[in-house]
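K.L.:
Residue numbers (our numbering): 280 to 801. Quick reminder that beta carbons are idealized off the backbone N, C-alpha and C, glycines included.
Spelled out as structure tokens, the structure:
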């Protein structure tokens, strides 16, 4: 099945049901289907041929949704572009992907104009209102030129439909090639694991250039006939107003987003009782945050904790709401239509309780990295996707992410998992966020450095934090350096950019950069 038919099927069943609520307005499934079908035909009439790539540069919007479904419906390959990137970074993705067309929001006109002369393969540009500086076609004119009944090329589920560029937490982004079948199997797995039902009114905060927002939140709602409430930019009070006004039933986000939402000074003045399902992903979800979410959204019965990666389209495991308090720290069971296990450095399965790399295989795993066979061979070995995450499994088959394999700290000959230290830090009542990395140390090889964000007006000191950790951890695991920050650096999916922390404070005798709120080396 082509993903475009998910929209067509729902439009046939529920033509007058609201599909999308966005800044541009409200669109029924019939309207979304009509616009998407016309745009698909227009792209083919403009000379694009499957499997050419079409880059999409939009904020979360109705245009992003209709353009995405038009592209995949036409047998073209959607390449969503991270709108937070600067021109040089966007240029890399556009040229590396070999995109033949770029559809973009009017907000990005100057950025596109800046890089236009260096675009190697783009031959069609389109933006609402037309490009003042780029000469791009008017998006609405392009869409209107499409035939009402477009004849679309045949293709099967092995046909690629997305190139999703990774967040780049460890280097230059790589383009994961994902097929229609990959997304469909992810859809089945996620609906099962999250217990999704028809008719949900889902708040979509995460950017649609990310697999979680695109393949989990948007695509599932379209398939099941739900309503997608698109948030262009996360602002706590705007989000709270939207939940109350639209009577949203489902919300998904990162722990960082939820913390900011609940810390808003007027958070508890809004009615959040309509929310009956809350899912979290992208980073570890502390037990304290779970409990606060269950109080903040009084009609949820736990939090669904979702684990995955771009290369898996993205879901691998989900901790169901019913187990969210019973299985502290777990990311749940492997989803039913894939295999997951923990292996040693030779790829041999490890027994419950032992730490190794989490690997998975199944019909959700990407086809490979675009134009990067070496990275593909490293990531997929004998059909197994190596996630780069260290994990353990308990006797019941529940997985626990210990850390990123590359983040493990070797100090004085001892292996230290930053996540273990972070979990202790998160248990402190005055700490809102924490990240732990290894920094160079002339004596120990690496030292444990803790970067923390505290609650407003906290008087917590570095000495207090070290003393707290000593009560709960072996002495060699305690932080030897504590840095207080107003916020942690994160990528668009909410993951902490530990690379930036290591680069900024990586000197042996690190000092506090100007403007930082404070540092101590106890």
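Using DSSP with H/G/I as helix, E/B as strand and the rest coil, what is residue 538?
P.N.:
Residue state, collapsed to three classes: helix.
K.L.:
Relative to the C-alpha of residue 464, which residue among 561, 643, 345 and 417 is closest?
P.N.:
Ranking the options by Cα distance to residue 464, first place goes to 643.
K.L.:
Spatial neighbours of residue 285 within its chain, please: C-beta separation below 6 angstroms, excluding the five flanking residues on both sides.
P.N.:
Counting only Cβ-Cβ distances below 6 angstroms, and skipping sequence neighbours, we find 501 and 502.
K.L.:
Identify the continuous beta strand (DSSP E) that holds residue 359 and give its terminal residues.
P.N.:
356-359 is the extent of the beta strand (DSSP E) around residue 359.
K.L.:
Considering only residues of the same chain and omitting the five flanking positions on each side of residue 382, which have a CB-CB separation below 6 angstroms?
P.N.:
Result list for residue 382: 335, 346 and 405, in chain order.
K.L.:
Using C-beta distances below 7 angstroms, list every residue in its chain close to residue 497, excluding the 5 sequence neighbours before and after it, in chain order.
P.N.:
Excluding sequence neighbours, residue 497 sits near 344, 483, 487 and 507.
K.L.:
So, do the stretch 603-623 and the stretch 648-658 have three or more beta carbon pairs nearer to each other than 8 angstroms?
P.N.:
The stretch 603-623, when compared against the stretch 648-658, does not touch it at the 8 angstroms Cβ threshold.
K.L.:
So, residue 630 versus residue 620, is the Cβ gap smaller than 8 angstroms?
P.N.:
No. Outside cutoff.
K.L.:
Going straight from the alpha carbon of residue 379 to that of residue 587, what length do you get?
P.N.:
If I take the Cα positions, the gap works out to 30 angstroms.
K.L.:
Below 8 angstroms on the Cβ atoms is my guess for residue 696 versus residue 669; work out the distance and round it to an integer in Å.
P.N.:
With a Cβ gap of about 7 angstroms, residue 696 and residue 669 count as contacting.
K.L.:
Below 8 angstroms CB to CB, which residues in the same chain sit around residue 749 once its five sequence neighbours on both sides are set aside?
P.N.:
The residues are 757.
K.L.:
Which stretch, first to last residue, makes up the beta strand (DSSP E) that contains residue 443?
P.N.:
Counting along the chain, the beta strand (DSSP E) containing residue 443 begins and ends at 439-444.
K.L.:
Under three-state DSSP, which class holds residue 548?
P.N.:
Residue 548: helix per DSSP, three-state reduction.
K.L.:
How about residue 579 and residue 554: are their beta carbons less than 8 angstroms apart?
P.N.:
Their beta carbons are under 8 angstroms apart, which means residue 579 touches residue 554 by this criterion.
K.L.:
Can you tell me where the beta strand (DSSP E) with residue 638 in it begins and where it stops?
P.N.:
Per DSSP, residue 638 belongs to the beta strand (DSSP E) from 635-640.
K.L.:
State whether the stretch 318-326 contacts the stretch 519-534, with contact taken as three or more CB pairs (one from each stretch) at a distance under 8 angstroms.
P.N.:
No contact exists between the stretch 318-326 and the stretch 519-534.
K.L.:
Just tell me which of 515, 329 and 561 has its CA closest to the CA of residue 539.
P.N.:
Of the listed residues, the one whose Cα sits closest to residue 539 is 515.
K.L.:
Helix, strand or coil: which one does DSSP assign to residue 517?
P.N.:
Residue state, collapsed to three classes: helix.
K.L.:
Going by DSSP in three states, residue 748 sits in which element: helix, strand or coil?
P.N.:
Helix.
K.L.:
Can you list, in chain order, the residues of its chain whose CB lies under 7 angstroms from that of residue 458, leaving out five sequence neighbours each side?
P.N.:
Excluding residues within five positions, the ones whose Cβ falls inside 7 angstroms are 436, 437, 438, 439, 440 and 646.
K.L.:
Does the beta-carbon distance from residue 761 to residue 745 come in below 8 angstroms?
P.N.:
Going by C-beta atoms, residue 761 is nearer than 8 angstroms to residue 745.
K.L.:
What residue from 403, 386, 377 and 373 has the CA that sits closest to residue 394's CA?
P.N.:
The residue with the shortest Cα to Cα distance from residue 394 is 373.
K.L.:
With a 10 Å radius around its C-beta and 16 neighbouring C-beta atoms as the bar for buried, classify residue 280 as buried or exposed.
P.N.:
The residue is exposed, with fewer than 16 neighbouring Cβ atoms inside 10 Å.
K.L.:
At 3 residues or longer, and completely inside the stretch 618-683: list those beta strand (DSSP E) runs for me, N to C.
P.N.:
If we require 3 residues or more, the beta strand (DSSP E) runs fully inside the stretch 618-683 come out as 618-622, 635-640, 663-672 and 678-683.
K.L.:
Taking the runs of the beta strand (DSSP E) that are 3 residues or longer, which of them lie wholly in the stretch 323-375?
P.N.:
Those beta strand (DSSP E) runs which fall completely within the stretch 323-375 and span 3+ residues are 332-336 and 356-359.
K.L.:
Just mark residue 806 as buried or exposed, buried being the case when its beta carbon has 16 or more other beta carbons within 10 Å.
P.N.:
The structure shown has nothing for residue 806, since the chain only spans 280 to 801.
K.L.:
Between 314, 462 and 509, which lies nearest to residue 425 when the distance is taken from Cα to Cα?
P.N.:
Nearest option by C-alpha distance: 314.
K.L.:
Nearest to residue 671 by alpha carbon, out of 300, 613, 338 and 329?
P.N.:
It is 613 whose Cα lies nearest to the Cα of residue 671.
K.L.:
Between the alpha carbons of residue 401 and residue 377, how many angstroms are there, rounded?
P.N.:
Between residue 401 and residue 377, the C-alpha separation is close to 8 angstroms.
K.L.:
With the cut-off set at 8 angstroms, would you say residue 306 and residue 338 are in Cβ contact?
P.N.:
Result no, Cβ atoms of residue 306 and residue 338 do not sit closer than 8 angstroms.
K.L.:
Helix, strand or coil: how does DSSP classify residue 696 here?
P.N.:
If DSSP states are grouped into helix, strand and coil, residue 696 belongs with coil.
K.L.:
Going by DSSP in three states, residue 760 sits in which element: helix, strand or coil?
P.N.:
Three-state DSSP puts residue 760 in a strand.
K.L.:
Specify, as a first and last residue, the run of the beta strand (DSSP E) that residue 777 falls within.
P.N.:
Residue 777 -> not in any beta strand (DSSP E); alpha helix (DSSP H) instead, spanning 777-784.
K.L.:
Buried or exposed: residue 570, going by 16 or more other Cβ atoms within 10 Å of its Cβ?
P.N.:
Burial call: exposed.
K.L.:
In whole angstroms, what is the alpha-carbon distance linking residue 618 and residue 364?
P.N.:
Roughly 35 angstroms separates the two Cα atoms.
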